[in-house]
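**Q**
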Amino acid sequence: MPEDRLQKYQSLIEDLKLDLGDPAFDRIFKQRTADLSKPDQFLLKMEMSRLSQPVARFIDLRGQVAGQVKPYEYEGKQHFMDDLAIEVFEREVAKHGGYTLAVYESVMSTDNNYKVMQKQAKAREEEVEKDAVNHNYTKLVRFASYESRSEERMNYSIKITVELAKNRPKISASTSDISLSGAKIKLPTNQQVDPGQIISIRLVGLEQDFELGLKEGIQYEVVAVEPGTIEYNQVRLKRTFIEKNQGFDDFLNSFIHGNKRRYKINLDNTLDAVVCKGYEQYYLPRVCSLFVFISEKQKQLYPSMVLTNENNAHINYYFEDERKQSGLYSVFNQKRMQRLLALSGAVKEAICHVFTHSSQGRMYFYSAFDFELEEMQQLNDLFFAFGSQKESWRTFKVQLMPSHHEDAFIPLSLPASAGKNVEKLNKRPTPRVQGFIQDVKYLMLLTDIDNPSITERFQRLSYEQSLVNQLKKFGHGKSATPPPLEVVSLEYVNLRAHRRYLYKTNVVVHIDGQGTFNCVTRDFSVMGLQIECGQEMPLSKGDSIHLDLVDLQRLTKQHNLTNLRYEVMMVNKTKTIINLKVQKIGQLDHSAMGFFKALIENNKDKLVACDEAPKVPGLSLALRNMVTKSVCQFPLYLHKETSHNAVGAIGQGLYPTSLHHLLHSFSDNDDNTLDAKAIFPERFVEEKLTEILKTKSRQDKPLKYLVFIKFDPNQSSQHEAVGAQVIAHEEAIDSLYLYAKKALRNDLLFVYQLYVSKTGRPDMDYLANELRYVSHYAIHKAKDLEEALWSVTGVCDLIDVTEYVVRNMGFDAPLVTKMEEQKKRWLEANFKH
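Residue numbers (the working numbering): -1 to 831.
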């Protein structure tokens, strides 16, 4: 069908339409279609003739466009068009020398035409459906990959001529977008240009209407050449400004600013930034690894700050001693930091085993790195057997990488010309914040990877009791003046369902079998209380208690405030501060809820909200940015589909993991998507995780699994090369012994610890400025972005624990070593960013 053949050349037709009405159109047409067959040339010539035919069609856009329609007269005939359509009509009439079919079609195809908008929306939906049907590709989000633009780019297609070198024939081309200092042009594929090449361009489409004063054209440098269609490549250019023509610069600035609503601002950069930031703001609050910032003073490295969230704060809490002083400085001392930095790889990785021992009311830390234990084989069994018996036994994955205080500033992805507030919002860290971060040299991640099955193996080891004193070499003393550690909470959207208020009143606590205790409240909300007691309370998380609000009961007869049932949500280390949540029985109302709701409603002007203002304003954001620039793990996002969850996106930071490399090795596209289906057993996400997450809330602890992935590098398809098995954290790893052994013999084996957290609502405040800018020019795109972010139901993190798990499953050491060497060779040969 001719229509089908024309569709194939739609891009060429759009470019030829730019030259319709030009006296030299026949010559231009021959140049542009020289590579086509005679029948196709004839077909295109007929299409151009059709578009050039004068018409007398009546244009009535009432009810068909988003703009305000008004009467418009042309050659004695009245039409009804909005301002945008009138501008298009007048421009096209001037170009074509009269009212032709090309003019009519341009007017009927403006971006605010309802039919056009509907067609574009349907095309987007079909593209999404097509992707879902054709392949299991998952979107790849590259963290911190967005950049700030100094100016706005406008989607604007005009005729240009390109001179690749002096005295060479000029090439006809067109622009895709343009800014003051750059442009993107569509250049025929038979014209070769290279990055760094200097070319000259004349904006002939503008010169027809304006006096530009640039007879020699404008000089540009080629930045990149991107494949486009069969006929054209997209060439990105930046100006050299060799002309030093302020008049032209002022004209172009004014032209873009005055026409950006008509021709649309290029939003690609800002859209990419919103997508990246949207996924980042979900990930960082749910990371289970503690972020430890290592500073250097007087050539000594020491932990200076930690960035905490709900999922990692327990690790920082673990390292506090009886004085509430952090022991991180003693465990990660100068000597060990130097050993870590001497390890190979961009990210230095090791395993650290830790336990604590109390003596005369003082807490002491004992720890050993894997590389230290390898050097003291005679103490291995003693250390593991003795330490693993302790309730405080932990195993941490340690990851160390460079960090720079310059990374603390990530400007908005908006051009300065986008508004007066952009420059105000793009503030660098304050001098006070700079004082905290200026000595930071490294970022260290601590992840608790302790596995119950492996700990049980350690506990079954035997040791000589008389040798226990030899463990002193793994002990850490206490400094009278330890280096200060700044604990910084990650600031993000407040997801509390109910606001807390500071209020002190007496409360009597009843604990079954333990007696009655007098305490006081510290704060309250409709759903809970925080109380402080003068003695250690015999309570643990999950316990149920009853309490009487004795003083508050005197204020009300309507509510019974005695024998109230609460659940313990958190107990501090000294067991004197308790967080409580109302414990309802079935659907019955809890009488305290009604009382506190009324109390808040009637006393809003008197109550003091418990707003947790940051100790150092701006420090949390600075550290957040520094972390974002150095992500070294495997973030993964679950999206809500019709009846189940599915893997919706994968994150990748500056340091890709071995799993990233594995998936990239099968990527047959431009690396903007990856096929993640094979890294989990079939239906694991869609069925098992979907059902479990339905029962979870955002406040619940992350789910933990071990993922065993086998990989046969000799297979060409990912489906045949990659297989996976998953077990829950509490399940015995022996159930996968045979699976792992077979993989060790025949394949490469990867073991990852998987954390799965239920998400809350997205932090739209973090994205507000960019979203507002996108909405201003393309509200449908802003809505699509918001819908995509609201569809995220779970955030996952995968941590490589292969060495820790495989070396403690009882396999022969030579078998493990052989596989590790094969894996190392494969990664080195196939390393791909």
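Backbone N, C-alpha and C define an ideal beta-carbon position, used for all residues, glycine too.
For a quick check, are the C-beta atoms of L162 and V233 less than 8 Å apart?
**A** Counting from one through the sequence shown, the residue named residue 162 turns up at place 164. Counting from one through the sequence shown, the residue named residue 233 turns up at place 235. It is not a contact, given that the beta carbons lie outside the stated cut-off.
**Q** Measuring straight from C-alpha to C-alpha, what distance separates D58 and M79?
**A** Here residue 58 refers to the residue found at position 60 of the sequence shown. Here residue 79 refers to the residue found at position 81 of the sequence shown. Approximately 6 Å between the Cα atoms of the pair.
**Q** To the nearest angstrom, how far is it from the Cα of E818 to the Cα of L825?
**A** If you number the sequence shown from 1, residue 818 lands on position 820. If you number the sequence shown from 1, residue 825 lands on position 827. Whole-angstrom Cα-Cα distance: 10 Å.
**Q** So, V273 versus L783, is the Cβ gap smaller than 8 Å?
**A** Numbered from 1 along the sequence shown, position 275 holds the residue referred to as residue 273. Numbered from 1 along the sequence shown, position 785 holds the residue referred to as residue 783. Yes, Cβ-Cβ distance for V273 and L783 is below 8 Å.
**Q** I'd like to know whether the C-beta atoms of L138 and I797 end up nearer to each other than 8 Å.
**A** On the sequence shown, position 140 is the one that residue 138 refers to. On the sequence shown, position 799 is the one that residue 797 refers to. Taking 8 Å as the Cβ cut-off, L138 and I797 do not qualify as a contacting pair.
**Q** Assign R55 to one of three DSSP states: helix, strand, or coil.
**A** Along the sequence shown, read from residue 1 onward, the residue named residue 55 stands at position 57. R55 falls in the coil class under three-state DSSP.
**Q** Would you check if the distance between the CB atom of Q528 and the CB atom of N600 is smaller than 8 Å?
**A** In the sequence shown, the residue the question calls residue 528 occupies position 530. In the sequence shown, the residue the question calls residue 600 occupies position 602. No.
**Q** If you count every other CB in all the chains shown that lies within 10 Å of the CB of L465, and 16 or more means buried, which is it?
**A** As a first step, residue 465 is located in the sequence shown; it is residue number 467 there, counting from the start. L465 comes out exposed.
**Q** If you measure between the beta carbons of Y750 and K702, is that distance less than 8 Å?
**A** In the sequence shown, counting from the first residue as 1, residue 750 sits at position 752. In the sequence shown, counting from the first residue as 1, residue 702 sits at position 704. No, they are not a contact pair.
**Q** Within 10 angstroms of the Cβ of N561, are there 16 or more other Cβ atoms? Answer buried if so, exposed if not.
**A** If you number the sequence shown from 1, residue 561 lands on position 563. The residue is exposed, with fewer than 16 neighbouring Cβ atoms inside 10 Å.
**Q** Determine the extent of the alpha helix (DSSP H) in which V799 is found, giving its start and end residues.
**A** Translated into positions along the sequence shown, residue 799 becomes position 801. Note, V799: premise wrong, no alpha helix (DSSP H); not H, not E.
**Q** So, helix, strand or coil for H508, using DSSP?
**A** By one-based count along the sequence shown, residue 508 stands at place 510. Strand, per DSSP.
**Q** Got a sec? Which residues, its chain only, sit under 7 Å from N378 by beta carbon, not counting five neighbours each side?
**A** Here residue 378 refers to the residue found at position 380 when the sequence shown is read from its first residue. The answer, listed in chain order, is L371.
**Q** Runs of 4 residues minimum, wholly inside the region 659 to 734: which ones carry the alpha helix (DSSP H) assignment?
**A** The region 659 to 734 contains these whole alpha helix (DSSP H) runs: 688 to 692, 716 to 719.
**Q** Compare the C-alpha of K15 against each of G215, P37, M44, R337 and name the closest.
**A** For the purposes of this step, residue 15 is identified with residue 17 of the sequence shown, where counting begins at 1. Measuring from the Cα of K15, the nearest candidate turns out to be M44.
**Q** Counting C-beta neighbours from all protein chains within 10 Å, is the total for V53 16 or more, i.e. buried, or is it exposed?
**A** The residue labelled residue 53 in the question sits at position 55 within the sequence shown. Exposed, because fewer than 16 other Cβ atoms sit within 10 Å of the Cβ of V53.
**Q** Do F367 and L459 have their C-beta atoms closer together than 8 Å?
**A** Taking the sequence shown and counting its residues from 1, one reaches residue 367 at position 369. Taking the sequence shown and counting its residues from 1, one reaches residue 459 at position 461. Contact flag unset, no.
**Q** For the candidate residues K692, E209, F522, whose alpha-carbon lies nearest to that of H642?
**A** Mapped onto the sequence shown, residue 642 falls at position 644. Of K692, E209, F522, the residue nearest in Cα terms is K692.
**Q** Could you name the residues of the same chain whose beta carbon sits closer than 8 Å to that of A344, not counting the 5 residues immediately before and after it, in chain order?
**A** As a first step, residue 344 is located in the sequence shown; it is residue number 346 there, counting from the start. Contacts found: M399, Y653.
**Q** Counting only the same chain and skipping the five closest in sequence on each side, list residues whose C-beta sits under 8 Å from that of E684.
**A** The sequence position of residue 684 within the sequence shown is 686, counting from 1. Cβ within range, chain order: H642, N643, A644.
**Q** So the candidates are H544, G245, Q436, G194; which of them puts its Cα closest to the Cα of T238?
**A** Looking up residue 238 in the sequence shown gives position 240. Closest by alpha carbon: G194.
**Q** Buried or exposed, going by whether 16 or more other CB atoms sit within 10 Å of the CB of A811?
**A** Residue 811 sits at position 813 when you count from the first residue of the sequence shown. A811 should be labelled exposed.
**Q** Applying the 10 Å Cβ sphere with the 16-neighbour rule, what's the burial state of N132?
**A** Mapped onto the sequence shown, residue 132 falls at position 134. Only weak support is given to the placement of N132: the predicted model assigns it a pLDDT of 43, under 50, and the question is left unresolved by the model.
**Q** Between the region 516 to 525 and the region 588 to 595, are three or more C-beta pairs nearer than 8 Å?
**A** Yes, since at least three Cβ pairs between the region 516 to 525 and the region 588 to 595 fall closer than 8 Å, the two stretches touch.
**Q** Quick check on the DSSP output: the beta strand (DSSP E) that includes L559 runs from which residue to which?
**A** If you number the sequence shown from 1, residue 559 lands on position 561. From DSSP, L559 is part of no beta strand (DSSP E); its letter is neither H nor E.
**Q** Select from K613, P615, V625, T554 the residue whose C-alpha is nearest the C-alpha of L597.
**A** Position 599 of the sequence shown holds residue 597. Ranking K613, P615, V625, T554 by Cα distance to L597 puts T554 first.
**Q** State the DSSP-derived secondary structure class of T815, mapped to helix, strand or coil.
**A** As a working note, residue 815 is residue 817 in the sequence shown. Residue state, collapsed to three classes: helix.
**Q** Consult DSSP for C531 and reduce its assignment to one of helix, strand or coil.
**A** Numbered from 1 along the sequence shown, position 533 holds the residue referred to as residue 531. Reduced to three states, the DSSP call for C531 is strand.
**Q** Looking at R392: is its Cβ nearer than 8 Å to the Cβ of D437?
**A** Taking the first residue of the sequence shown as position 1, residue 392 is located at position 394. Taking the first residue of the sequence shown as position 1, residue 437 is located at position 439. Going by C-beta atoms, R392 is not nearer than 8 Å to D437.
**Q** Taking the continuous beta strand (DSSP E) assigned at Y135, which residues delimit it?
**A** One-based indexing of the sequence shown puts residue 135 at position 137. Note, Y135: beta strand (DSSP E), 135 to 140.
**Q** Between which two residues does the alpha helix (DSSP H) harbouring L550 extend?
**A** Here the question's residue 550 lines up with position 552 in the sequence shown. Here the alpha helix (DSSP H) through L550 covers 548 to 551.
**Q** As a quick exercise: from Y461, S451, Y564, Q323, pick the residue whose alpha carbon is nearest that of L734.
**A** By 1-based counting over the sequence shown, the position of residue 734 is 736. For L734, the nearest C-alpha among the options comes from S451.
**Q** Could you pull out every unbroken alpha helix (DSSP H) segment of at least 4 residues lying fully inside the region 176 to 232, listed in chain order?
**A** Listed in chain order, they are 202 to 205.
**Q** What is the DSSP secondary structure of H588, counted as helix, strand or coil?
**A** Walking along the sequence shown from the start, residue 588 turns up at place 590. H588: coil per DSSP, three-state reduction.
**Q** My understanding is that K395 touches I292, with C-beta atoms under 8 Å, so please give their C-beta distance in whole angstroms.
**A** Counting from 1 along the sequence shown, the entry for residue 395 is found at position 397. Counting from 1 along the sequence shown, the entry for residue 292 is found at position 294. Not confirmed; about 16 Å, so no contact.
**Q** From the DSSP secondary-structure annotation, give me the bridge partner or partners of M361.
**A** The residue labelled residue 361 in the question sits at position 363 within the sequence shown. In the DSSP output, where bridge partners are listed per residue, M361 has S356.
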